[in-house]
Amino acid sequence: MDKRNLLYKKKGQVQTLAPAILALVFAGIVLVFGLVMTQELRDTQEDGSEASDAANATVIGLGTFADFWEIIVLAIVITVVIGLLLVVFGGGRTR
Amino acid sequence: MKNYFPSKKGQVQVLAPAVLALVFAAVVLVFGLVMSQELRDTQTNVGPVTVLSEAGTLVNEGDALANYGRCGFNTPTILGVHNTTWTIDSGNYTVNETGYIFNATDDGVVDYGEVVINYTYMWGGQACESANSTIIGLGTFADFWEIIVLAIVITIVIGLLLVVFGGRRIR
Numbered sequence: 722m723d724k725r726n727l728l729y730k731k732k733g734q735v736q737t738l739a740p741a742i743l744a745l746v747f748a749g750i751v752l753v754f755g756l757v758m759t760q761e762l763r764d765t766q767e768d769g770s771e772a773s774d775a776a777n778a779t780v781i782g783l784g785t786f787a788d789f790w791e792i793i794v795l796a797i798v799i800t801v802v803i804g805l806l807l808v809v810f811g812g813g814r815t816r
Numbered sequence: 074m075k076n077y078f079p080s081k082k083g084q085v086q087v088l089a090p091a092v093l094a095l096v097f098a099a100v101v102l103v104f105g106l107v108m109s110q111e112l113r114d115t116q117t118n119v120g121p122v123t124v125l126s127e128a129g130t131l132v133n134e135g136d137a138l139a140n141y142g143r144c145g146f147n148t149p150t151i152l153g154v155h156n157t158t159w160t161i162d163s164g165n166y167t168v169n170e171t172g173y174i175f176n177a178t179d180d181g182v183v184d185y186g187e188v189v190i191n192y193t194y195m196w197g198g199q200a201c202e203s204a205n206s207t208i209i210g211l212g213t214f215a216d217f218w219e220i221i222v223l224a225i226v227i228t229i230v231i232g233l234l235l236v237v238f239g240g241r242r243i244r
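Heads up: the protein sequence lines correspond to chains A and B, in order.
Our numbering numbers the first residue of the first sequence as 722 and each following residue consecutively.
Our numbering numbers the first residue of the second sequence as 74 and each following residue consecutively.
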């Protein structure tokens, strides 16, 4: 069964949840791990040096990603819930 | 004819995989949160950061240093405490690991009240703060389980009702 057909089934709607959470958690761990590594790398540089400043900007820039997890989580939940409801109430047209 | 709404048995059979998927997702989520938290807690070695002339109080019940809430805050070391008239002897105060400073005089002297504090501390840096935001952000998923469960139940119940009462047109 292809992915498009899967999305039209109730089972398919719920089954999108686990991979989505897996992807989110994996992305979160990679982000945190990357930030830890970048921060450690930054700390090896002399304060005020160009490398240190650039590494610092990188750490701060990447760190802003962490502020958007809640929105991404909300989007996934809305997708699953609305998808489920559309399968039932959407009738034949949503299939 | 296309079978838009399968049999009653088909409706209920959706339940077991849905619950399985939900439980699996929950386990993955919790496991990921634990890992992220452990990773965050390794970050405690940024600093020392020096803070000079921070206004605070030296009282018996303790007062928090301004930076005590920073991610991974640890090892606060007091460099000196002064009030308007004199420097307070280092034996007259203590600071604990969480960043609270206490009046430690045992001579019945009342609290020193408002003082100026110089100190250093270590913390977890930006990585710790971002890890914290990630944990909080991913953690919000836990607030939505009820809605997802409700949506699954509604889907199955309404699916069943449509099969029973929907008549031939939707079969």
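Using N, Cα and C, we set each Cβ at its ideal position, and we do this for glycine too.
Cβ closer than 7 Å: which chain B residues qualify as neighbours of residue i?
{"i": "Leu762 of chain A", "result": "Those within 7 Å of Leu762 of chain A in chain B number zero; the least Cβ separation is about 11 Å."}
{"i": "Gly784 of chain A", "result": "Gln199, Glu202, Ser203"}
On the criterion of 16 or more Cβ atoms from any shown chain inside 10 Å, does residue i qualify as buried, or is it exposed?
{"i": "Asn133 of chain B", "result": "exposed"}
{"i": "Trp159 of chain B", "result": "exposed"}
{"i": "Thr228 of chain B", "result": "buried"}
{"i": "Val92 of chain B", "result": "exposed"}
{"i": "Gly784 of chain A", "result": "buried"}
{"i": "Ala94 of chain B", "result": "buried"}
{"i": "Lys75 of chain B", "result": "Residue placement at Lys75 of chain B is flagged as unreliable, the pLDDT there being 48, under the threshold of 50; the coordinate-derived value follows with that caveat. It is exposed - the Cβ of Lys75 of chain B has fewer than 16 other Cβ atoms within 10 Å."}
{"i": "Val226 of chain B", "result": "exposed"}
{"i": "Ser109 of chain B", "result": "buried"}
{"i": "Thr759 of chain A", "result": "buried"}
{"i": "Ile797 of chain A", "result": "buried"}
{"i": "Pro740 of chain A", "result": "exposed"}
{"i": "Ala89 of chain B", "result": "exposed"}
{"i": "Gly145 of chain B", "result": "buried"}
{"i": "Glu202 of chain B", "result": "buried"}
{"i": "Ala772 of chain A", "result": "exposed"}
{"i": "Gly186 of chain B", "result": "exposed"}
{"i": "Met722 of chain A", "result": "Note on Met722 of chain A: pLDDT 48, under 50, position unreliable in the model; no value is reported."}
Can you name the residues that DSSP bridges to residue i?
{"i": "Glu127 of chain B", "result": "B:Ile190"}
{"i": "Asn147 of chain B", "result": "B:Met195"}
{"i": "Gly153 of chain B", "result": "B:Asn191"}
{"i": "Tyr173 of chain B", "result": "B:Ala137"}
{"i": "Tyr166 of chain B", "result": "B:Asn176"}
{"i": "Thr779 of chain A", "result": "According to DSSP, which records beta bridges pairwise, Thr779 of chain A is partnered with nothing at all."}
With residue i and residue j assumed to form a contact (beta carbons below 8 Å), what rounded beta-carbon distance in angstroms separates them?
{"i": "Ala787 of chain A", "j": "Ser206 of chain B", "result": "4 Å"}
{"i": "Tyr166 of chain B", "j": "Leu131 of chain B", "result": "6 Å"}
{"i": "Ala224 of chain B", "j": "Val802 of chain A", "result": "4 Å"}
{"i": "Glu127 of chain B", "j": "Asn147 of chain B", "result": "The Cβ separation is near 17 Å, so there is no contact."}
{"i": "Gly749 of chain A", "j": "Leu211 of chain B", "result": "5 Å"}
{"i": "Ile209 of chain B", "j": "Ile151 of chain B", "result": "Incorrect: roughly 31 Å between the Cβ atoms, too far for contact."}
Please list, in chain order, the chain B residues whose beta carbon lies closer than 9 Å to that of residue i.
{"i": "Gln736 of chain A", "result": "Pro90, Ala91, Ala94"}
{"i": "Asp788 of chain A", "result": "Ser203, Ser206, Gly210"}
Which residues of chain B have a Cβ atom closer than 8 Å to the Cβ of residue i, listed in chain order?
{"i": "Glu791 of chain A", "result": "Ile209, Gly210, Thr213"}
At a CB-CB cut-off below 7 Å, which residues of chain A make contact with residue i?
{"i": "Ser109 of chain B", "result": "Gly749, Ile750, Val753"}
Going along chain A, which residues have a C-beta under 8 Å from residue i?
{"i": "Thr158 of chain B", "result": "None at all; the shortest Cβ gap to chain A is about 37 Å."}
Cβ closer than 9 Å: which chain A residues qualify as neighbours of residue i?
{"i": "Arg113 of chain B", "result": "Val753, Val757"}
Contact between the segment 117 to 131 of chain B and the segment 195 to 205 of chain B (3+ Cβ pairs under 8 Å): yes
Cβ contact (3+ pairs, closer than 8 Å) linking the segment 98 to 106 of chain B and the segment 127 to 141 of chain B: no
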